[in-house]
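K.L.:
Under my numbering, the first residue of the sequence shown is numbered -7, with each subsequent residue one higher.
Shown below is the structure under consideration.
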Amino acid sequence: YFAAACIFYATNGVRNTKTDELIGTDFVPPLWDNTDEWIVNDDYCTWFGITCFLDIHTDEDQQLQMDEQEIIEIQLFNNTLYGTWPNEVGLLGEKLVTID
């Protein structure tokens, strides 16, 4: 949850003091086009552009993924991100296979 939330705040998903600090308050960058479920839903796997599960057909592997709830894809291409990609994304580890 923490690393994904850092993406939201660092790339101007919502205006905040960190992005104001980096770009100043004279310029107002655009907000994200789609913020569906971001931050307001504790289940980050439901957030727009976040994938936690692969399309797996074996029950055992699917259950393992559901138990782990690890982010494997971040698909936010063309969503008007503005700012600096946060270092905290590294906390997602080796299971993260796609950033777009």
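C-beta atoms are modelled at their ideal positions from N, C-alpha and C, and glycine is treated no differently.
For a quick check, are the C-beta atoms of residue 74 and residue 26 less than 9 Å apart?
P.N.:
Your numbering for residue 74 matches position 82 in the sequence shown. Your numbering for residue 26 matches position 34 in the sequence shown. Against a cut-off of 9 Å, the Cβ pair of residue 26 and residue 74 comes out as no contact.
K.L.:
Under the assumption that residue -4 contacts residue 42 (Cβ atoms under 8 Å), give the Cβ distance between them as a whole number of angstroms.
P.N.:
Residue -4 sits at position 4 when you count from the first residue of the sequence shown. Residue 42 sits at position 50 when you count from the first residue of the sequence shown. Confirmed, about 6 Å.
K.L.:
Whole angstroms is fine: what's the gap from residue 53's alpha carbon to residue 32's?
P.N.:
Counted from its first residue, the sequence shown places residue 53 at position 61. Counted from its first residue, the sequence shown places residue 32 at position 40. The straight-line gap from Cα to Cα measures roughly 29 Å.
K.L.:
So, is residue 36 buried or exposed, given that buried needs 16 or more other C-beta atoms within 10 angstroms?
P.N.:
For the purposes of this step, residue 36 is taken as residue 44 along the sequence shown, with counting starting at 1. Residue 36 should be labelled buried.
K.L.:
If you measure from the beta carbon of residue 36 to each beta carbon in chain D, is any gap under 9 Å?
P.N.:
Although the question refers to chain D, the structure presented lacks it and comprises just one protein chain.
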